[in-house]
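These notes are about the structure you will find just below.
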Amino acid sequence: MSKNYTSLRLFEQFKDAGVISKDVCNNLCDKIGGLLQQIEPRTVEDWSTIRDKWDFAHVPEAERVIPMNAANLCPAPTEVVEAINTFRTEYNQNVSQQERTGAGALAIQEARHAIAEELGLAAPVDVEAPIPDVVDLAIVRNASEANNALNAGYSQWNPDGQDNIVIWDQNHPTNYNAWWLRGGRTASEGGGLFEIRVVTLPTEPSSEDIEEAFANEMNDRTKFLTFTETSNVSGIRIPRSVISNLFNTAIGYGCHLHVDGAQTWGAQQVNLSSEAGAADTFLKCHSFSASSHKWFCGPKETGILYMQASKVVNFNPSIFAYDYKITIPEWDDLPASARRFELLGQRDDVNIVAMLIEQDFFTGIGQDVIEARIRELATRLKQKLNNYDWDLTTPIDNNLSHGVVISKVPDKPGQPSLYDYLYDEHRIATSSSGGIRICPHIYNLEEDIDNLVSAMNQWRG
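Here it is, written out as structure tokens:
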């Protein structure tokens, strides 16, 4: 059983290395192995069995808080949390450098490979084969750190101030405001290290509108084109076909295309391979960032940054410390790969193991199954809101949206906000971003959607 999953194999390797006891290893393998067995096969017919893997589902109904804000933070499955807490206690008993450079380094390497395999960046390996070290994918602390690694670390600006970047006005602040912090200014502001060109999409844009809006701002002095794959303030999704076309345009201008995948990883299938895959999964870019704590349902303060090796030399890491093997490179001989973004000093090794467990969990269900379920719930939500005349900012078209659903909210002076009302009166956790933001995940059921819309209608009156 334990040989079928990377995380369980890792626990056995920790046991063999003397990092954890035999009893703890057996406990971890039983707990996580039992979880993974229960989600096989990949076809899920009863989503309540998946929901039951989260502890909120077992809280008395009157006290239960229903999570519907995956764009911000997701809970992890109960067995994952319990196993990691057990592992953390045991891991804390041996803080030797031998262990950290041995088993600890192995954990990061295993997690990186498992995630890279799901993202199309690594090939599967035989059960008994050693895990290759993937160099194009860095495990960082979150998408915010990854985004800042780009805007703070780029070292190829021309001194004449005529370079430009093209960004979406719906980018996350770490990929929007941060560019001003790094010295950029709009043409009207003037005097910047580079020009910032901000794209505002038309109301109800088509795929063609989106592509044209970005492409029209680019020229041979454009150093970056960067946008969020799915907006957390409107729910608009940049279609994969548009991203592929913009990538080709970027190549023509010698421009770096960076995609913020905070609302993508864990919610959709993503293929970052240099070889074109299926049109609905292929996401072609020079770099891609995401956080573990959102749709991936992983631990906080872990995330990923993918970058093509050919682009890495254009960036200096914003943090210079030892790597995951506790070695420090020469300052003028940094890794010529995404590994230079892992020079972060001491890591939370246990949380990185949690990433590996979560990847096993998602792989067991199937990322394609997860994507389809999120789409199913979001479609139900959009249709119901539309039927009750809520003013959606998120497109109905699934090609232009996915799991992030946002509606405008009417003014109701003298009464609690809809955001507070849903939480205080109905114990539903959402976000007030853009009006009301609702992001269902695989731990939600159809009844959650129906109860939410009913509560919204009650508030509106």
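One point on numbering: in my numbering, the residue at position 24 of the sequence shown is 51, and numbering is uninterrupted.
Glycine included, every Cβ here is placed at the ideal spot set by N, Cα and C.
Please read these numbers as outputs of a predicted model, since none were measured by experiment.
Query: Considering only residues of the same chain and omitting the five flanking positions on each side of E126, which have a CB-CB separation below 7 Å?; Result: V46
Query: For V436, which residues from the same chain have a beta carbon less than 6 Å from its beta carbon, with the 5 sequence-adjacent residues on both sides left out?; Result: L445, G462, I463
Query: Closest to I353 by C-alpha separation, out of A130, D73, E39, would be which residue?; Result: A130
Query: Report the rounded CA-to-CA distance for L63 versus Q183, giving the unit in angstroms.; Result: 47 Å
Query: How many Å lie between I111 and V286 at the Cα?; Result: 31 Å
Query: Using the C-alpha atoms, what's the distance from N178 back to N202?; Result: 8 Å
Query: Counting along the chain, where does the beta strand (DSSP E) carrying D287 start and finish?; Result: 283-287
Query: What three-state label does DSSP hand V161 in the structure shown?; Result: coil
Query: In whole angstroms, give me the CA-to-CA distance for N258 and S48.; Result: Strictly speaking, residue 258 in this sequence is Ser, with Asn absent from that position. Whole-angstrom Cα-Cα distance: 45 Å.
Query: Using only the alpha-carbon positions, how far apart do M382 and A138 sit?; Result: 6 Å
Query: Which residue spans inside the segment 178-266 form an unbroken alpha helix (DSSP H) run of at least 4?; Result: 204-208, 234-242
Query: What is the DSSP secondary structure of A89, counted as helix, strand or coil?; Result: coil
Query: Does DSSP put K30 in a helix, in a strand, or in coil?; Result: Only weak support exists for where K30 lies, its pLDDT of 44 falling under 50; the value from the coordinates is given anyway. It is helical.
Query: Please name the residue or residues paired with R464 in a DSSP beta bridge.; Result: I433, S458
Query: Mapping DSSP to helix, strand and coil, what is L472?; Result: coil
Query: By Cβ distance below 8 Å, which residues in the same chain neighbour I77 in space, the five residues on each side in sequence not counted?; Result: I66, V71, I392, I469, Y470
Query: Tell me the rounded alpha-carbon separation between K30 and A317.; Result: Annotation note: pLDDT 44 at K30 (below 50); position unreliable, coordinate value reported separately. Looking at the two C-alpha atoms, the distance is approximately 29 Å.
Query: Can S428 and R264 be called in contact, C-beta distance under 8 Å?; Result: yes
Query: Should V431 and T421 be called a contact, given that it needs their Cβ atoms to be closer than 8 Å?; Result: yes
Query: Can you tell which of G217, V225, Y448 has the C-alpha that lies nearest to the C-alpha of V193?; Result: V225
Query: What does DSSP give as the partner residues of P94 in its beta bridges?; Result: A456
Query: Mind checking whether the beta-carbon of F388 lies closer than 7 Å to any heavy atom of the ligand ATP?; Result: The ligand content of the structure shown is nil, which means the ligand ATP is not present either.
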